[in-house]
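Start counting the sequence shown at 19; every next residue gets the next number (the numbering used here).
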Amino acid sequence: MATLILVRHGRSTANTAGLLAGWTPGVTLDDHGAAQAAALPGRLAGLPLAAAVTSPLERCRQTLEPLLAARPGLALHTDERIGECHYGDWSGRKLAELADEPLMKIVQQHPSAATFPGGESLRAMQARAVDAVRDWNTRIAGEHGADAVYLMCSHGDIIKALVADALGMHLDLFQRVHVDPCSVTAIRYTPTRPFLLRLGDTGDFGSLAPRQPDSAAAADQATEDGGNAVVGGGAGAA
Numbered sequence: 019m020a021t022l023i024l025v026r027h028g029r030s031t032a033n034t035a036g037l038l039a040g041w042t043p044g045v046t047l048d049d050h051g052a053a054q055a056a057a058l059p060g061r062l063a064g065l066p067l068a069a070a071v072t073s074p075l076e077r078c079r080q081t082l083e084p085l086l087a088a089r090p091g092l093a094l095h096t097d098e099r100i101g102e103c104h105y106g107d108w109s110g111r112k113l114a115e116l117a118d119e120p121l122m123k124i125v126q127q128h129p130s131a132a133t134f135p136g137g138e139s140l141r142a143m144q145a146r147a148v149d150a151v152r153d154w155n156t157r158i159a160g161e162h163g164a165d166a167v168y169l170m171c172s173h174g175d176i177i178k179a180l181v182a183d184a185l186g187m188h189l190d191l192f193q194r195v196h197v198d199p200c201s202v203t204a205i206r207y208t209p210t211r212p213f214l215l216r217l218g219d220t221g222d223f224g225s226l227a228p229r230q231p232d233s234a235a236a237a238d239q240a241t242e243d244g245g246n247a248v249v250g251g252g253a254g255a256a
């Protein structure tokens, strides 16, 4: 089977504004996110990639632009199944406002029971993403061999759900996983079980330091210090 490199998109304008983007149009990388994307080819240098698969959302496509420019022969595919969760009526709203919604307690503590109003359930989100990975594993291995490595650029909650599946964790535990913008997570799939090789690797230990007050990152840390995960993934360290 193949080895999957999961890249979360770079920091977006919605991340820094504290918004739950979902499929809201017009969300792009901010300046820091663009710098993260520009550094991605160097971080992945020397790693042979058979193909790249992206969410259709612009922030993911922007994240891969420098990598594709550095590797002009790399095939790019789009798969809606690894697009962001359909948050429905929550899309585009402030995360600070959503914290007071009764549903948020379910999203945090019993996510397998959570369905977003006008959107989809977290169970459905995970199922479509897992199906996409299984299909791409078969395709990549068939076309490039069992040792092939390929990349997917997706979103925080999607990557967390895929990690939970790889670890055999119930979806109700997936909020314990954290992935920063433009972080790299690697999963090697075998016929009997997956192996998690990297989780949320940015190569920057600054994300472990206390955050500056009044920053989006500090708001993320405050949320996590209170025991809640940042829905959608948060803004990361800088």
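Here a beta-carbon is modelled for each residue, glycine too, at the ideal position from N, C-alpha and C.
When burial is assigned at 16 or more other CB atoms within 10 Å of the CB, is residue i buried or exposed?
i	result
Lys178	buried
His188	exposed
Phe192	buried
Thr156	exposed
Arg152	exposed
Pro209	exposed
Gly60	exposed
Pro212	buried
Gly244	exposed
His95	exposed
Gly51	buried
Leaving out five residues on either side along the sequence, give the residues of the same chain with a beta carbon under 6 Å from the beta carbon of residue i.
i	result
Thr220	Asp198, Ser201
Ala63	none
Leu217	Thr203
Asp97	Val71, Ala150
Ala39	Ala32, Val45
His162	Ala68
Ile124	Ala131, Ala132
Ser109	Gly40, Thr42
Below 8 Å on the Cβ atoms is my guess for residue i versus residue j; work out the distance and round it to an integer in Å.
i	j	result
Arg29	Gly254	6 Å
Pro135	Asp107	4 Å
Val249	Leu121	Actually they do not touch by this definition, with Cβ atoms about 10 Å apart.
Asn246	Gln54	About 25 Å; that fails the 8 Å criterion.
Leu58	Thr81	7 Å
Since residue i is in the beta strand (DSSP E), which residue starts that stretch and which ends it?
i	result
Ile23	21-26
Gly218	212-219
Arg206	202-207
Leu94	94-96
Ala70	70-72
Val181	Not the beta strand (DSSP E): Val181 falls in the alpha helix (DSSP H), residues 174-185.
Just to confirm the assignment, what range does the alpha helix (DSSP H) spanning residue i have?
i	result
Cys103	Element bounds for Cys103: n/a, residue is neither H nor E.
Ala150	140-162
Leu113	113-116
Arg61	49-61
Ala253	No alpha helix (DSSP H) holds Ala253; DSSP gives it neither H nor E.
Thr81	76-88
Asn33	31-35
Val195	Val195 -> no alpha helix (DSSP H), and no H or E assigned at all.
Using a Cβ cut-off of 7 Å (strictly closer), state whether residue i contacts chain C.
i	result
Leu217	No chain C is part of this structure, which consists of one protein chain only.
By Cβ distance below 7 Å, which residues in the same chain neighbour residue i in space, the five residues on each side in sequence not counted?
i	result
Leu65	Val167
Arg146	Arg99
Arg206	Thr21, Pro212, Phe213, Leu215
Arg194	none
Val148	Leu180, Asp183
Asp48	Arg29, Ser30, Thr31, Thr34
Tell me which same chain residues have a C-beta within less than 8 Å of the C-beta of residue i, skipping the five on either side of it?
i	result
Leu92	Leu67, Ala69, Ala70, Leu85, Leu86
Ala164	Met19, Ala20
**Report entry** At least three beta-carbon pairs within less than 8 Å, the segment 126-146 to the segment 60-77
**Finding:** no
Requested in this report: Assess, as a yes-or-no matter, whether the segment 139-147 is touched by the segment 96-105 under the definition of 3 or more beta carbon pairs within less than 8 Å.
Outcome: yes
Query raised in the report: Would you call the segment 169-177 and the segment 19-26 in contact, with 3 or more CB pairs under 8 Å?
Result: They touch, by the three-pair rule.
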